[in-house]
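Structure, as structure tokens:
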Amino acid sequence: MQLNRYTITSACLLVLAMVSGCATPVGYEGARFLSPPNDISSAWIAEGGAIFIVPEKGVVIDAVVSQDGRPVQMRADGAYYVIPANQLSGVTEIRFMVEQRWRRLPISQKTDAKG
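What follows is the structure, given as structure tokens:
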């Protein structure tokens, strides 16, 4: 198995998320749930505009980009991955690289950066 820096980083984030549990309580009031692609258990846009991602058990996300291929920052926050709202200006779709295949997460409307 060939390891690259994205795989190592993703694995470290996954371990951190599993060890730390849910670091930030997530409020679902005002959240808009999205239809998740394969390998993603659930996904939603929080009231503040950030996207929360819960990968299925054992899934490592290798890369995250917007619909135009621009890298999107994602951070681990307990059991979740979070894409901050300030990464989503003009984004209509997020793409996740999982096991050398792209998974698409459409965002039905453009999300404005709020933070």
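Residue numbers (mature numbering (1 follows the signal peptide of the UniProt record, and there is no 0)): -23 to -1, 1 to 92. Note that the Cβ used here is the ideal one computed from N, Cα and C, for glycine as well.
In the structure shown, the three-state DSSP call for Ala20 is strand. Straight-line spacing of the CA atoms in Ser12 and Gly26 works out to 16 Å. Using a 10 angstroms sphere on the CB of Pro32, the tally of other CB atoms reaches 16 or more, which defines it as buried.
With a beta-carbon spacing of about 7 Å, Val75 and Asp39 fall inside the 8 Å limit used to define contacts. Annotation for Trp21: Tyr5, Ala8, Arg9, Phe10, Leu11, Ile28, Phe29 place their beta carbon closer than 8 Å to its own, counting only its chain and skipping 5 residues before and after. DSSP places Ala62 within a helical segment (H, G or I) once states are collapsed to three.
Secondary structure note for Asp54: its beta strand (DSSP E) is the uninterrupted segment 52 to 54. An exposed status is given to Ser66, since fewer than 16 other beta-carbon atoms sit within 10 Å of its beta-carbon. DSSP places Ser12 outside any beta strand (DSSP E), giving it a letter other than H or E. In the DSSP secondary-structure assignment, Ile71 is bridged to Ser43, Leu82. Taking all protein chains shown into account, Arg80 has 16 or more neighbouring C-beta atoms within 10 Å of its C-beta and is therefore buried.
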